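There are 2 protein chains.
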Amino acid sequence: MNPAPPTGLAETSVDRISRRQVDKFEERRSQLATAAIQTLSELGYARTSLREIAHNSDFSHGVLHYYFTDKVDLITYCVKQYKAACVTRYDQIVAVSRTAPELLTGFARGLAQTAREDASMHRLWYDLRNQSLFESSYRHDVAEIDGSLRNMIWRIVSRYAELDGREPNVTPTQAYAVFDGLFQHALWQVLAGNQAAVGVLEDSVIVLLPRLLIEFD
Amino acid sequence: MNPAPPTGLAETSVDRISRRQVDKFEERRSQLATAAIQTLSELGYARTSLREIAHNSDFSHGVLHYYFTDKVDLITYCVKQYKAACVTRYDQIVAVSRTAPELLTGFARGLAQTAREDASMHRLWYDLRNQSLFESSYRHDVAEIDGSLRNMIWRIVSRYAELDGREPNVTPTQAYAVFDGLFQHALWQVLAGNQAAVGVLEDSVIVLLPRLLIEFD
DNA sequence: ACCAATACTGGACAGTCGTCAAGTAAATCT
DNA sequence: AGATTTACTTGACGACTGTCCAGTATTGGT
């Protein structure tokens, strides 16, 4: 029923057509996934239904089974799409920072801004990560995103160490766990109404990141 | 319909009777909550139904509305009951440790053991904490438990500092966020099948706790 | 203009959900 | 022992769920 993906290497006219179809197909999938992500971030996994997702899109509920085989397929697709939008966020801070303090404050401010402005999006991430503890269907993709986030944090930590002329004294996993913990708690506070928590988060990052490097002798 | 709680100060015979009834009432509530917690820790919030909870108890599904007004009431009760069993866990380690290294290894080992043996229980905690980001009904009780856990961590950190003759250099919130982050990531690994993660957790705690104190000059 | 393939709608399905109430069993009191 | 309250069961209710499908609108090739 669904259009087949492009098959051969030589691009015949048939292939060109089917590729255009596949592009449109992918485009709509992405569009529906966006509506799904919005719904999920508002209601949470437990209370999100396919009908509600469709209601937040321009289409009826039946279309979801035209573009996705089932609910797991849809949400898996959402998780992957979320990743693409999220992971590269801090690489620019790494790129532009010329000194260690500059990178430090930039990173801290970036995390704080994310907690302030993208709170719903990130509670969705934590919700889905938690779902993967119960439904193994999501585990693989969640692990992939988690790894990407860990790498992102590590790029920051190791670049910070480099700019400061020192060496990291923790593993990537440890660094990620620390900042993830800080961010998560700030997020909880923010969503509970405590806007001041983003300032606390910012300060915490500034205090703790330097301590993840080896001490001066 | 439900027996009233004890009313007055002077304990008449009527009061004694009603208190006995209240005790039995509370006992059964606790019993049902235990079945609910077991179910929740196995299936997660999103897939736990009242019928499944009743199925994991000795009673039929109708009884749940005899002892709880609705689902929120039941789960709120579960959250509170969970707290009582969980929070005091590490205080004994603080009490018996005579030296800083002893407390350090005891704490690290305790966390690792918890991640190994009570994994399902704790993924339930994270699941419910996450639910509270979407359903404000649970927010108050979750915040209370979170505060208790933070205090528990802080007792360990401050006692560790005391035994080591130094001072903590982080806030209670920061310390809690760090160890919560480490624990959560280890828990994810364990539930994904990577048993080695508990060793990593143990090492991480031993590496990081000392760095939460002010450095020697 | 016609036709076939694609895109989408909207209703129906079987199942499950939380909730409730009528009815039975058990315990308690007089 | 009989009467009354408490404890619990069972079946039902309407609402909602994911899934599927027959049918309609839309598109694009010829």
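Chains A and B are the protein sequences, given in the same order. The opening residue of the first sequence carries number 513 in our numbering; numbering runs sequentially from there. The opening residue of the second sequence carries number 513 in our numbering; numbering runs sequentially from there. Backbone N, C-alpha and C fix where the C-beta goes; we use that ideal spot for every residue, glycine too. Quantities reported herein were computed from a predicted structural model and do not represent experimental measurements.
Does the beta-carbon distance from residue i to residue j come in below 8 Å?
| i | j | result |
| --- | --- | --- |
| Glu-554(A) | Ala-620(A) | no |
| Val-690(A) | Gly-693(B) | yes |
| Leu-703(B) | Ala-631(B) | yes |
| Arg-723(A) | Arg-723(B) | yes |
| Gln-625(B) | Gly-556(A) | no |
| Glu-564(B) | Thr-551(B) | yes |
| Leu-640(B) | Tyr-650(B) | yes |
| Ala-737(A) | Ala-558(B) | Lying outside 513 to 729, the shown extent of chain A, residue 737(A) is not represented and no answer is given. |
Using the C-alpha atoms, what's the distance from residue j back to residue i?
| i | j | result |
| --- | --- | --- |
| Gln-707(B) | Gln-604(B) | 26 Å |
| Val-717(B) | Trp-700(A) | 23 Å |
| Thr-560(B) | Glu-614(A) | 48 Å |
| Arg-628(A) | Tyr-638(A) | 16 Å |
| Ile-549(B) | Phe-571(B) | 15 Å |
| Ser-648(B) | Thr-611(B) | 43 Å |
| Leu-645(A) | Asn-681(B) | 34 Å |
| Val-599(B) | Asn-568(A) | 42 Å |
| Asp-535(B) | Phe-695(B) | 37 Å |
| Leu-781(B) | Gly-659(A) | With chain B running from 513 to 729 in the structure shown, residue 781(B) is simply not present. |
| Phe-580(B) | Tyr-688(B) | 33 Å |
| Ser-609(A) | Ser-609(B) | 45 Å |
| Phe-477(B) | Leu-586(B) | No information on residue 477(B) is available, as it lies outside the stretch 513 to 729 that chain B covers here. |
| Gly-705(B) | Gly-705(A) | 37 Å |
Pick from the options: whose alpha carbon is nearest that of residue i?
| i | options | result |
| --- | --- | --- |
| Val-654(B) | Arg-563(B), Thr-588(B), Ala-627(B), Lys-536(B) | Thr-588(B) |
| Asp-676(A) | Ile-726(A), Ser-561(A), Ala-627(A) | Ile-726(A) |
| Lys-592(B) | Asp-570(B), Phe-646(B), Leu-636(B) | Leu-636(B) |
| Gly-711(B) | Leu-721(A), Gln-686(A), Asn-681(A) | Gln-686(A) |
| Ala-673(B) | Gln-696(B), Cys-590(B), His-634(B), Leu-720(B) | Leu-720(B) |
| Pro-684(A) | Tyr-594(A), His-634(A), Phe-580(A), Asn-663(A) | Asn-663(A) |
| Met-633(A) | Ala-558(A), Tyr-594(A), Phe-580(A) | Tyr-594(A) |
| Tyr-489(B) | Leu-623(B), Phe-537(B), Cys-590(B) | Because chain B here runs from 513 to 729, residue 489(B) falls outside it and cannot be looked at. |
| Ile-657(B) | Phe-537(B), Leu-586(B), Cys-590(B) | Cys-590(B) |
Here's the rule: buried if 16 or more other CB atoms are within 10 angstroms of the residue's CB, otherwise exposed. What is residue i?
| i | result |
| --- | --- |
| Ala-566(B) | buried |
| Asp-582(A) | exposed |
| Gly-520(A) | Low local confidence applies: a pLDDT of 35 at Gly-520(A) is under 50, so the model's placement there is unreliable, with the coordinate-based value given in what follows. Under this definition Gly-520(A) is an exposed residue. |
| Ala-709(A) | buried |
| Ala-607(A) | exposed |
| His-652(A) | exposed |
| Met-513(A) | With a pLDDT of 42 at Met-513(A), under the threshold of 50, the modelled position of that residue is not reliable, and the figure given next carries that caveat. Exposed, since its Cβ has fewer than 16 Cβ neighbours within 10 Å. |
Between the segment 537–552 of chain A and the segment 565–577 of chain A, are three or more C-beta pairs nearer than 8 Å? Contact between the segment 537–552 of chain A and the segment 565–577 of chain A is established, with three or more Cβ pairs separated by less than 8 Å.
Touching by the beta-carbon criterion (3+ pairs, under 8 Å), the segment 612–629 of chain A and the segment 665–672 of chain A: Output reads yes: the segment 665–672 of chain A touches the segment 612–629 of chain A.
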